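Here the structure comes first, spelled out in structure tokens, and everything after it is commentary.
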Amino acid sequence: MLQSSKTGVFSKNPESVFAFKPSFHRKPHTLNFYMDKQHTKSRQNPVLVCRAKLDSHEISSVSKDDSPVHGVSEIVVGVLGGGQLGRMLCQAASKMAIKVVILDPLENCPASALSYDHMIGSFDDSAAVQEFAMRCGVLTVEIEHVDVATLEELEQQGVDCHPKASTIRIIQDKYLQKVHFSRHDIPLPEFMEIDDFEGARRAGDLFGYPLMIKSKRLAYDGRGNAVAKSEEELSSAVTALGGFGRGLYVEKWAPFVKELAVIVARGRDNSILCYPVVETIHKENICHIVKSPAVVPWKIRKLATDVAYRAVSSLEGAGVFAVELFLTEDGQILLNEVAPRPHNSGHHTIESCYTSQYEQHLRAVVGLPLGDPSMKTPAAIMYNLLGEDEGDRGFYLAHQLIGRALGIPGATVHWYDKPKMRKQRKMGHITIVGSSMGIVEARLNSMLKEDSSDSQSEGFQIMIKVFPYGTLGDLVLELLGIWNVVVRSLTVQLDHSNTVILLDFAPRVGIIMGSDSDLPVMKEAARILSMFGVSHEVRIVSAHRTPAMMFSYASSAQERGVQIIIAGAGGAAHLPGNSCLIFPGMVAALTPLPVIGVPVRASALDGIDSLLSIVQMPRGVPVATVAINNATNAGLLAVRMLGVADADLVARMSQYLEDTRDEVLTKADKLQKDGWESYLNP
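So the number in this note's numbering is just where the residue sits in the sequence shown, counting from 1, plus 10.
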């Protein structure tokens with residue numbers, strides 16, 4: 011006879027039951043519209059539900075099967091925690107057929123649907139962790155607030171834990187973190203432990219105000235921090251943190267100008283690789299936006315990477331670590347804190363780097379070689395989808411934003427499938443990649459505006475009217491050669507008669523000159539770029555009459571997405587001092603972009619002065635050049651330079667060379683066949 015269990019599962023044997031995986035009571039209005047097909051499929055497949063017998067703990071497991079592992083690694087990875095980080099670890103594992111099992115108390119946690127096995131139990135429950143560890147080849151974490159005493163005991167029993175329990179113990183207590191890194195000469199804000207108001211007042215006298223007061227444990231996403239702006243506010247700040255009994259310490263206020271972060275990967279062989287430095291922007295103390303790479307001087311990136319490297323080197327165990335940093339007004343890098351796991355500041359790596367932080371963490375803990383952490387796109391922005399309201403209203407607002415994101419070039423939506431919406435809860439994230447930080451920022455701004463038609467941007471717009479029933483994507487690609495331009499934003503407007511597509515492009519090449527008298531020459535560069543489908547802009551930027559404009563153009567070009575500048579030199583060679591002749595050099599001195607100088611023939615010296623001024627630039631200010639008045643070659647050189655990272659342009663250039671050869675051969679055949687007189691007088 012069938013027996014009913016509390017979980018709604020029916021079986022003859024209550025110890026082992028065969029059941030459908032629960033639907034987790036999802037409602038139609040939630041944002042699972044692009045996951046429904048996958049979820050529906052998973053709900054139709056019966057899975058085995060096992061119950062482990064423990065004296066005082068009821069722990070259940072949802073498992074796919076017990077088939078042998080045949081993935082990249084035979085090691086089964088056990089993850090303590092099944093939140094969004096665990097979910098993305100499972101996604102990365104699926105590409106390598108690595109089996110990931112999770113321990114989480116919530117039956118419908120974000121990682122459950124994607125994991126190989128979900129054991130339902132608390133990751134800070136000693137008995138649950140011990141039972142779970144027996145099913146894993148290696149044990150790791152997606153949250154550091156676990157039962158570290160049990161991890162230490164398991165390590166003594168031979169269980170493989172990464173990162174090591176000693177590292178988790180240090181990281182769990184932020185005060186111990188500070189002490190540990192201070193002993194390893196890692197630069198930090200000054201800090202001290204406080205046990206009572208007398209100690210807090212001493213700290214205020216020593217460090218001044220405002221004073222940052224922090225909880226030692228269970229502090230993340232802004233929780234566990236309070237600021238006292240004066241001695242009078244000490245009491246309210248301490249009370250807000252739960253009192254001295256919770257364990258408090260203080261930090262001297264760090265006058266930072268930016269918050270930075272570095273994801274660091276450490277292999278089992280102690281090899282260490284660092285991802286590019288990113289900037290993190292917080293909203294109500296929660297990570298809101300991440301920019302990669304951080305827009306800071308190279309020496310700051312190097313310093314931040316060095317601090318992160320040394321911090322992780324001082325810890326034990328393999329895996330991915332996130333090192334959060336402060337950049338101060340005087341150019342110092344101070345360590346804020348470290349997370350021993352994948353981190354919000356590394357979400358962008360899924361789309362922007364050759365090896366995501368999640369794949370990297372799996373590689374590290376199972377002992378595979380670490381992957382390439384470098385970026386495969388010039389710029390990326392990660393935007394956290396934080397709950398803007400409670401319940402249905404919050405889901406609706408998130409749905410609206412996701413809908414706009416799906417129309418943004420280079421945007422990828424990640425939805426964590428959390429069943430409940432709360433304000434400021436991390437529900438998902440959106441990553442936007444592009445050819446420059448200026449472009450991805452413009453795309454983000456377009457996404458965040460409910461009416462993007464008012465958005466202004468550098469670049470240019472093209473409007474196309476398409477009759478109904480056409481294949482819009484193919485038509486746009488064919489008409490505009492979109493593969494060779496950078497699309498900043500795309501807007502589609504529908505009405506009864508037609509569809510209007512508005513595409514906003516960012517120029518890849520900037521063509522500039524000091525006077526319109528140079529335009530008859532410089533237009534040939536524009537003609538070549540148009541022929542190859544390379545987006546470009548043509549500007550008059552006079553070093554004489556508008557020096558501020560020239561400075562602004564050169565210094566902002568890279569941020570706007572320009573990759574190469576073609577600058578005309580000439581038009582005023584007769585002026586005393588020939589100051590305009592160094593126009594390309596002045597531009598090259600203001601931008602890290604490659605500059606191609608085109609010597610333009612002027613009224614005196616036939617352009618020789620322009621050519622010599624370019625080729626005699628001082629060391630450290632390189633300017634490429636071409637023959638006098640040969641803007642055609644400048645355009646072709648720009649195409650070849652862009653082709654280094656653009657296979658389509660390489661193919662187009664090869665075709666151009668072939669067409670040019672065929673044209674010459676055709677002319678040679680005609681000359682040989684007709685003779686020179688007929689050739690010249692057709």
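The beta carbon of each residue, even a glycine, is placed where N, CA and C say it ideally should be. The structure presented is a predicted model; accordingly, all values stated were derived computationally and were not measured.
Please state whether DSSP places F133 in a helix, a strand or coil.
-> coil
Whole beta strand (DSSP E) runs in the stretch 254-338 with 3 or more residues, listed along the chain?
-> 258-262, 266-276, 282-284, 288-293, 296-302, 329-338
Tell me, please, whether the stretch 134-147 touches the stretch 107-122 by the rule of three or more beta-carbon pairs shorter than 8 Å.
-> yes
With 16 as the cutoff for other CB atoms within 10 Å, does Q665 come out buried or exposed?
-> exposed
Could you check the C-alpha separation between G520 and G580 for me, to the nearest Å?
-> 17 Å
To the nearest angstrom, report how far apart M98 and C171 are at their CA atoms.
-> 20 Å
Shortest alpha-carbon distance to V348 belongs to which of S446, L603, Y185, S384?
-> Y185
Check M385 in the structure and name its three-state DSSP category.
-> strand
From L198 to Q187, what does the alpha carbon distance come to, in whole angstroms?
-> 10 Å
Using only alpha-carbon positions, find the residue among P609, R453, L675 that is nearest to G417.
-> R453
Beta-carbon spacing of Y285, P383 below 8 Å = yes
Taking DSSP as the reference, what is the three-state secondary structure of T422?
-> strand
If I'm right that A102 touches S366 with Cβ under 8 Å, what's the distance once you round it to whole angstroms?
-> 6 Å
Anticipated Cβ contact below 8 Å, V605 with A598, distance rounded | 4 Å
With 16 as the cutoff for other CB atoms within 10 Å, does L380 come out buried or exposed?
-> buried
What are the start and end residues of the alpha helix (DSSP H) that includes L621?
-> 618-625
Do you know how far the Cα of F254 is from the Cα of D331?
-> Reading the sequence as shown, one finds Phe at residue 331 and not Asp. Each residue's alpha carbon lies about 30 Å from the other.
Count the other C-beta atoms from every protein chain shown that fall within 10 angstroms of the C-beta of P530, then say buried if there are 16 or more, exposed otherwise.
-> exposed
Which value, in whole angstroms, describes the spacing of the CA atoms of A553 and R233?
-> 53 Å
Where E289 and A678 are concerned, what is the direct C-alpha to C-alpha distance, given to the nearest angstrom?
-> 60 Å
Nearest to V82 (by Cα), restricted to the options M541, V189, L378 | L378
When you compare each of G252, A314, L244, M129 to L345 by their alpha carbons, which one comes out closest?
-> A314
Straight-line CA distance for C119 to K428?
-> 7 Å
Buried versus exposed, by CB contacts within 10 Å (16 or more), W686 | exposed
Beta bridge counterpart(s) of K224 as assigned by DSSP = N235, Y259
Determine the direct distance from the alpha carbon of R278 to that of K309, and round the result to whole angstroms.
-> 30 Å
Rounded to whole angstroms, what's the CA-CA distance from A304 to R311? Just pull it up for me.
-> 8 Å
Paired residues, beta bridge with L99 - DSSP | Note: L99 sits in no beta bridge, so no partner.
Measuring alpha carbon to alpha carbon, tell me which of A637, L621, I576 ends up nearest M651.
-> I576
Would you tell me roughly how many angstroms separate the C-alpha atoms of I449 and N235, rounded to the nearest one?
-> 35 Å
Once you ignore the five residues that flank E203 on each side, which residues in its own chain have a CB closer than 7 Å to its CB?
-> Y185, Y259
What residue from Q568, S623, A612 has the CA that sits closest to G595's CA?
-> S623
Is DSSP giving H546 helix, strand or coil here?
-> strand
Would you kindly work out how many angstroms separate the C-alpha atoms of C100 and G444, rounded to a whole number?
-> 27 Å
Quick one: Cα of L647 to Cα of G617, how far?
-> 20 Å
Is the beta carbon of E162 less than 8 Å from the beta carbon of A175?
-> yes
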